[in-house]
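Chemist: Here you go, one structure.
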Ligand SMILES: Nc1ncnc2c1ncn2[C@@H]1O[C@H](COP(=O)(O)OP(=O)(O)O)[C@@H](O)[C@H]1O
Ligand SMILES: [Mg+2]
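Protein chains in written order, with our numbering: chain A, 1 to 372; chain B, 1001 to 1582.
In structure tokens, the structure reads:
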């Protein structure tokens, strides 16, 4: 449905240099799916979204929606944003303070090139306001809305125009934590019910994992991995993704050889040999990094009879309510482990840490590659 | 033993507290006294005078309502009122429309040659009102105006195409002169808007005009209203245009009537005062509403933290039209006025540009100006007055600002309001009230340069206050408190901490006041006497004497000097990272 090909967007900065905000960005979003751009602040998510919207003019690339090409540097096509029929929700919501709730939502219909009559506008706007649960506030001044209500109104405004594509730029980031969680569910429900093709921008990995059909992780203007939420979380392709999406322990390792099982390899690390999982085939001698999520570790007082079990000492612990976080000292290494509060050894005691080979993901070591 | 030490320490503490309080209160007291003296006393005398007959050698002043009676019963005044309103409203609307269009083009579109827009912020500082008006007389007078002559030549008629000596001519000239101010105010308004407001309208399918009209302008409504009010107040109190363009053809407004009432024989100070009080009422209402607007203006305020400017709208081929509009405007506001002055400054006697006149180019006007007897004196006076008043104002207002912003002294709002009060004085009204005050209080000030000094200080006090408030608000309270915790007295912490931190703002305000006071005319015109002329008064006198070419020569030099001064100010501003406070 939406297809972005080799998109480059640049800005001149104050000193006249060019900031390469989006580089070689390519992805496809099938009809009715929610696609997320995820990455740290400043990595070019908003830039990519605005390029799709037509608010920025890319340097090169091609953007099409269905059969319709809205931007193509090769064919010199640029469709103005007001002719693209894409709905967009801005980070600041951009609710017009000089209009009522109804007027805000009705605006896209009022300025439409095909005239819509009043009764039709009334009907459509009230239906959309009903969908987002604002119909009882239709005549209220837009400035008198709470943060969550403004967010819904911004969404309603983007929906009244019955857009081909919905663009959302960090729509939940200005809400407080509780409200944010509730709105997550609502957004997901709305998107799934209306089957809106959506591009969603966020720096919050939790949000991305919860809402998306597919996620693109971005870093420094480039997409570094595209995949389904589970893939991204469980099978990071590189250290950046593993680190940014959730937290991870990293162990530098060298491949010794293949195990009997498919995709499992024996590797050598500073804490000893262990078994790790890899998507790409590895050969003996390859340098890799083993990424292991703190919640994928098991702590026990006695040596478990599984593979990948090591002896360590509790260095520090943090009680965080739903779980306890431990720093475990293994030789010179510190590993982070996250376990249920029912197991709570004292600082300084000896524990055993177990790691499921399926969860020890071997990823190419970019850093060591570069050094070599 | 320990008790003794304790009480000794206590005494020392008490004493230093005393000293601290003493000096603090003395400084505060003095600044309140200065502000009250400058801002309030003349006003009181103006009111008083408007209810009395003029004092003469033989007769003491007597209470009377005649002044108001005369002022308000005559049909003359009704006409005056209508003229003033028509003039000020016309100017406000015209200047606003032009300024807003330019601001929008500059902020939101890809009009080429945008760097030139920068000049719009300095033109009003560089070309003083009186020179602008004189230049436009050369351009648009029915008899000698170049525009008329050229058009008459083209079409072979005697028809008068433009006539600046008319209400529309007055609106045209004044409106052009104030349009850069509208440009600056509206630029600030457009910049403070969240770009997403307009972008989301565009995403909703609105085209350029729909976005500009339904979002940009509607959202700027408070700023629009405030801008129009400021323009209205400025034009109803302006003096140069009504005096030079209105008076010769009998179109009088309040300011020109005040001037005429003083300058007829015998001079009608009482009548002038009653006009002045009326004018003051109008401007006060305007300034009041304007300050109300700016204090509650944040209902629509849509500032966001994001520093990026919105992407400009691509006008396509229309951008050449936009550039043409801008060049046309630039021609009208800078190029033509300056060229016509330059031309006439090289003529023996004023004549319209032509091949024949080209042969008569001469430096005589410049020779005349340099040997003009009062020139050296007037330049000196202008400089002394400008430097002196700027220095005094910036120092006094820094203390006032400190009191208003940093202390919790009850009644400090009064001080703030007092110091801002002169904002409502038209220059001419201020000159009048100061004149009256020192006429009655003969302390040897009347007729000296000190009376003008008093006028300048009063007139520009609010500017100093504004610059200082802006920078004072940025100084965190704890910076000063930590100086006190380190053992510094109030005087020391003010001198060592507050003043240095204020320095950029002080410098910027100082330069600005120097520039505006060098061009001051309206207040000076009622206060000068032989020997105390300033440069703008010399220009005025030359005009009265019909010495147009000499005036042009002085004007050209004046503009160049101001230009250098403004460039210097910009340079200093950049170097010290001063943010504009206006
Ligand atoms: N209008 C602009 N002008 C100049 N630089 C910009 C502009 N918008 C964004 N940038 C720069 O481009 C980079 C990417 O920004 P952005 O797309 O906003 O990141 P994100 O949304 O992922 O936080 C940043 O370095 C940012 O400073
Ligand atoms: Mg962003």
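Where is the CB? At the ideal position from N, CA and C, for every residue including glycine.
Which full runs of the beta strand (DSSP E) of 3+ residues lie inside the region 1453-1486 of chain B, going along the chain?
Modeler: You should have found no qualifying run.
Chemist: Could one say the Cβ of residue 157 of chain A lies closer than 8 Å to chain B's Cβ atoms, at least one of them?
Modeler: Here residue 157 of chain A refers to the residue found at position 157 when the first chain is read from its first residue. It does: the Cβ of residue 157 of chain A has a partner Cβ on chain B nearer than 8 Å.
Chemist: Which one of B/1164, B/1424 and B/1358 has the shortest CA to CA distance from residue 1281 of chain B?
Modeler: Here the question's residue 1281 of chain B lines up with position 281 in the second chain. Closest by alpha carbon: B/1424.
Chemist: Whole angstroms are fine: how far does the CA of residue 1236 of chain B sit from the CA of residue 1527 of chain B?
Modeler: Looking up residue 1527 of chain B in the second chain gives position 527. Looking up residue 1236 of chain B in the second chain gives position 236. Cα-Cα distance, rounded: 21 Å.
Chemist: Taking 8 Å as the CB-CB cut-off, is residue 1260 of chain B touching chain A?
Modeler: Numbered from its first residue, the second chain carries residue 1260 of chain B at position 260. Taking Cβ atoms only, chain A never reaches closer than 8 Å to residue 1260 of chain B, which makes this a no.
Chemist: Evaluate residue 45 of chain A with the Cβ neighbour count: other Cβ atoms within 10 Å of its Cβ, from every protein chain shown; 16 or more gives buried, anything less gives exposed.
Modeler: Sequence index remark: in the first chain, residue 45 of chain A carries index 45 (1-based). Its Cβ being crowded by 16 or more others within 10 Å, residue 45 of chain A is buried.
Chemist: Please classify residue 1302 of chain B: does DSSP put it in a helix, a strand, or coil?
Modeler: Taking the first residue of the second chain as 1, we reach residue 1302 of chain B at position 302. At residue 1302 of chain B the pLDDT is 48, less than 50, meaning the model places this residue with poor confidence and gives no usable figure here.
Chemist: Excluding sequence positions up to five away, which residues of its chain have a Cβ less than 8 Å from the Cβ of residue 1001 of chain B?
Modeler: What you label residue 1001 of chain B is simply residue 1 of the second chain in a count that begins at 1. Residue placement at residue 1001 of chain B is flagged as unreliable, the pLDDT there being 40, under the threshold of 50; a coordinate-derived value is accordingly withheld.
Chemist: Could you check if residue 169 of chain A belongs to the surroundings of ligand 2, using beta carbon to heavy atom distance under 7 Å?
Modeler: Taking the first chain and counting its residues from 1, the one referred to as residue 169 of chain A is at position 169. Result yes, Cβ under 7 Å from ligand 2.
Chemist: For ligand 4, which residues count as neighbours when the test is a C-beta closer than 6 Å to any heavy atom?
Modeler: No copy of ligand 4 occurs in the structure displayed; its ligands are ligand 1 and ligand 2 alone.
Chemist: Should residue 168 of chain A go down as buried or exposed, given a rule of 16 or more other Cβ atoms within 10 Å for buried?
Modeler: Start at 1 with the first residue of the first chain, and residue 168 of chain A comes out as number 168. Looking at its Cβ environment, which holds 16 or more other Cβ atoms inside 10 Å, residue 168 of chain A is buried.
Chemist: Inspect the CB distances between the region 1518-1532 of chain B and the region 1493-1503 of chain B and report whether three or more fall short of 8 Å.
Modeler: No: fewer than three Cβ pairs fall under 8 Å.
Chemist: Let me see if you follow: with CB-CB separation under 8 Å, is residue 1202 of chain B close to chain A or not?
Modeler: Here residue 1202 of chain B refers to the residue found at position 202 of the second chain. Yes, contact with chain A.
Chemist: Are the C-beta atoms of residue 1573 of chain B and some chain A residue less than 8 Å apart?
Modeler: To locate residue 1573 of chain B, count along the second chain from 1; it is residue 573. Not an interface residue.
Chemist: Work out the CA separation of residue 1400 of chain B and residue 1389 of chain B for me, nearest whole Å.
Modeler: In the second chain, residue 1389 of chain B corresponds to position 389, counting from 1. In the second chain, residue 1400 of chain B corresponds to position 400, counting from 1. Approximately 16 Å between the Cα atoms of the pair.
Chemist: With the cut-off set at 8 Å, would you say residue 1385 of chain B and residue 1453 of chain B are in Cβ contact?
Modeler: On the second chain, position 385 is the one that residue 1385 of chain B refers to. On the second chain, position 453 is the one that residue 1453 of chain B refers to. Yes, these two residues count as a Cβ contact at 8 Å.
Chemist: Can you check which of these residues, B/1409, B/1197 and B/1319, is closest to residue 91 of chain A by C-alpha distance?
Modeler: Locating residue 91 of chain A in the first chain gives position 91, where the first residue counts as 1. Among B/1409, B/1197 and B/1319, the Cα nearest to that of residue 91 of chain A belongs to B/1197.
Chemist: With three or more C-beta pairs closer than 8 Å as the rule, is the region 1354-1367 of chain B touching the region 1155-1170 of chain B?
Modeler: No: the two stretches stay apart, fewer than three of their Cβ pairs being nearer than 8 Å.
Chemist: Excluding the 5 residues flanking residue 211 of chain A on each side, which residues of the same chain have their C-beta closer than 7 Å to its C-beta?
Modeler: Counting from one through the first chain, the residue named residue 211 of chain A turns up at place 211. 34, 36, 184, 187, 188 and 200, listed in sequence order.
Chemist: Excluding the 5 residues preceding and the 5 following residue 251 of chain A in the sequence, name in chain order all residues of the same chain whose CB lies nearer than 6 Å to its CB.
Modeler: Position 251 of the first chain, counted from the start, is the residue given in the question as residue 251 of chain A. Answer for residue 251 of chain A: 269 and 290, listed in chain order.
Chemist: So the candidates are B/1096, B/1448, B/1142 and B/1166; which of them puts its Cα closest to the Cα of residue 1180 of chain B?
Modeler: In the second chain, residue 1180 of chain B corresponds to position 180, counting from 1. The shortest C-alpha separation from residue 1180 of chain B is found at B/1096.
Chemist: Would you identify the three-state DSSP class for residue 1575 of chain B, choosing helix, strand or coil?
Modeler: Along the second chain, one-based indexing puts residue 1575 of chain B at 575. Note: residue 1575 of chain B maps to helix in three-state DSSP.
Chemist: May I ask you to list the residues that DSSP assigns as paired with residue 8 of chain A?
Modeler: Here residue 8 of chain A corresponds to residue number 8 of the first chain, with the count starting at 1. BP columns for residue 8 of chain A point to A/60.
Chemist: So which residues on chain B does residue 90 of chain A lean against when the C-beta distance must stay under 8 Å?
Modeler: Taking the first residue of the first chain as 1, we reach residue 90 of chain A at position 90. Near residue 90 of chain A (Cβ distances below 8 Å), the residues of chain B are 1196, 1199 and 1200.
Chemist: Pull up the distance between the alpha-carbon of residue 1560 of chain B and that of residue 1277 of chain B, whole angstroms please.
Modeler: Within the second chain, numbered from 1, the residue matching residue 1560 of chain B stands at position 560. Within the second chain, numbered from 1, the residue matching residue 1277 of chain B stands at position 277. Their backbone Cα atoms lie some 37 Å apart in a straight line.
Chemist: Using a Cβ cut-off of 8 Å, which residues of the region 103-115 of chain A contact any Cβ in chain B, in chain order?
Modeler: Taking 8 Å as the Cβ-Cβ cut-off against chain B, the residues of the region 103-115 of chain A that qualify are 107, 108, 111, 112 and 113.
Chemist: List the residues of chain A that residue 1092 of chain B touches, going by C-beta distances under 7 Å, in chain order.
Modeler: In the second chain, residue 1092 of chain B corresponds to position 92, counting from 1. Chain A residues near residue 1092 of chain B: none, gap ~22 Å exceeds 7 Å.
Chemist: Exposed or buried, residue 28 of chain A, counting other C-beta atoms within 10 Å across all chains shown (16 or more means buried)?
Modeler: Start at 1 with the first residue of the first chain, and residue 28 of chain A comes out as number 28. Label assigned to residue 28 of chain A: exposed.
Chemist: Relative to chain A, which residues along the region 1213-1232 of chain B have a C-beta separation below 8 Å, given in chain order?
Modeler: If the cut-off is 8 Å between Cβ atoms, the region 1213-1232 of chain B has 1214, 1215, 1218, 1219 and 1221 near chain A.
Chemist: Output needed for residue 70 of chain A: all residues of its chain with C-beta closer than 6 Å, excluding positions within five of it in sequence on either side, in chain order.
Modeler: Looking up residue 70 of chain A in the first chain gives position 70. Cβ within range, chain order: 63, 79 and 84.
Chemist: Quick one: what's residue 265 of chain A bridged to in DSSP?
Modeler: Here residue 265 of chain A corresponds to residue number 265 of the first chain, with the count starting at 1. Residue 265 of chain A is bridged to A/258 and A/276.
Chemist: Distance, Cα to Cα, residue 1319 of chain B vs residue 1116 of chain B?
Modeler: Within the second chain, residue 1319 of chain B is the residue found at index 319, counting from 1. Within the second chain, residue 1116 of chain B is the residue found at index 116, counting from 1. The alpha-carbon atoms of residue 1319 of chain B and residue 1116 of chain B are separated by roughly 15 Å.
Chemist: For residue 1477 of chain B, does the count of other Cβ atoms within 10 angstroms reach 16, so buried, or fall short, so exposed?
Modeler: Residue mapping note: residue 1477 of chain B aligns to position 477 of the second chain, counting from 1. Residue 1477 of chain B should be labelled exposed.
Chemist: Just list the alpha helix (DSSP H) runs in the region 1047-1082 of chain B, keeping only unbroken ones of 4 residues or longer that don't cross its boundaries, in chain order.
Modeler: Here the runs fully enclosed are 1066-1073.
Chemist: One question on the structure: do residue 93 of chain A and residue 154 of chain A come within less than 8 Å of each other, judged by their Cβ atoms?
Modeler: Stepping through the first chain from its first residue, residue 93 of chain A is reached at position 93. Stepping through the first chain from its first residue, residue 154 of chain A is reached at position 154. The answer is yes: Cβ separation under 8 Å.
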